[in-house]
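2 protein chains.
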Amino acid sequence: MKTDAKYVQMSIVMKAMAHPTRLFILDMLDEREYCVCELQERIHDDMSTVSRHLSVLKNAGLISSRKVNNQVWYKLVCPCVLEFYQCILKKGNE
Amino acid sequence: MKTDAKYVQMSIVMKAMAHPTRLFILDMLDEREYCVCELQERIHDDMSTVSRHLSVLKNAGLISSRKVNNQVWYKLVCPCVLEFYQCILKKGNE
DNA sequence: GACGTATTTGCATATTTTGCCAAATACGAA
DNA sequence: TTCGTATTTGGCAAAATATGCAAATACGTC
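Quick mapping for you: the protein sequence lines, in order, are chains A and S.
Just so we're aligned: the first sequence equals residues 1384 to 1477 in this note's numbering.
Just so we're aligned: the second sequence equals residues 1384 to 1477 in this note's numbering.
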């Protein structure tokens, strides 16, 4: 059924990716681990906005974080996210 | 940049998939082509709601439609959508 | 042309998501 | 403990989404 946990869980993950800034973040994190302030510099949104985007991605299980002193470093949990990415881009160019 | 057409386009696709009912529809369409009324029977939402879900998926380029008499049949454009699906599920079970 | 079935669209409403500011929290250094 | 830097959270207004009902549209049949 449409309300199966399977579909609900999936939709949480997709929702997390359904924002240009968050896709940009995932793309950056595919390169290497970044701390919040580095991401903020490149995104030019309010720090609080960047932080919330990161928490959405983390809640969906797409990224993880570790704390080093007063900085928080984020990284991708699963590179498969970006493989999908490639598939969609290909489709878009047909 | 975060507002690159690349990320905006991708976010449209992800947004389209960010709903349990629409994921259910994609899953059904992976099996075979369906017409709107068949989908509606299995979804139990108002016909207008189902129709709107279908138009979101179509605008994102995930499904296509053809008209046969007064029915409209929808099918998946790209099965890669569901491969991604598998990857996410695997990740979720770790 | 009127009728019946299938689908889409307009509108109103309810809910969710965004994004900024200000305040709170965390942590190391002085 | 006070200060400075990094990050998160509360609150709120604006924007986007979701959904049902009714009306409109499309198409074949009578």
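C-beta atoms are modelled at their ideal positions from N, C-alpha and C, and glycine is treated no differently.
- Not a single CB atom of chain A sits nearer than 9 Å to the CB of S:Asp1429.
- About 6 Å separates the beta carbons of S:Ile1426 and S:Val1433, which is inside the 8 Å limit, making them a contact pair.
- If you draw a straight line from the Cα of A:Lys1389 to the Cα of S:Met1411, it comes to about 14 Å.
- Secondary structure of A:Lys1458 (DSSP, three-state): strand.
- Residues of chain S with a Cβ closer than 7 Å to the Cβ of A:Leu1406 are, in chain order, Tyr1390, Met1393 and Ser1394.
- Under the three-state reduction of DSSP, A:Lys1398 is assigned to helix.
- S:Arg1405 counts as buried, since at least 16 other C-beta atoms from the protein chains shown sit within 10 angstroms of its C-beta.
- Under the 8 Å Cβ criterion, the region 1439–1450 of chain A does not count as touching the region 1386–1403 of chain S, having fewer than three qualifying pairs.
- With fewer than 16 neighbouring CB atoms inside 10 Å of its own CB, S:Ser1431 falls in the exposed class.
- Nearest Cα to A:Cys1461 within the set A:Asn1453, A:Leu1409, A:Leu1437 and A:Met1384: A:Leu1409.
- For the options A:Phe1467, A:Gln1469, A:Lys1458 and A:Ser1394, the alpha carbon positioned closest to that of A:Glu1421 is the one of A:Lys1458.
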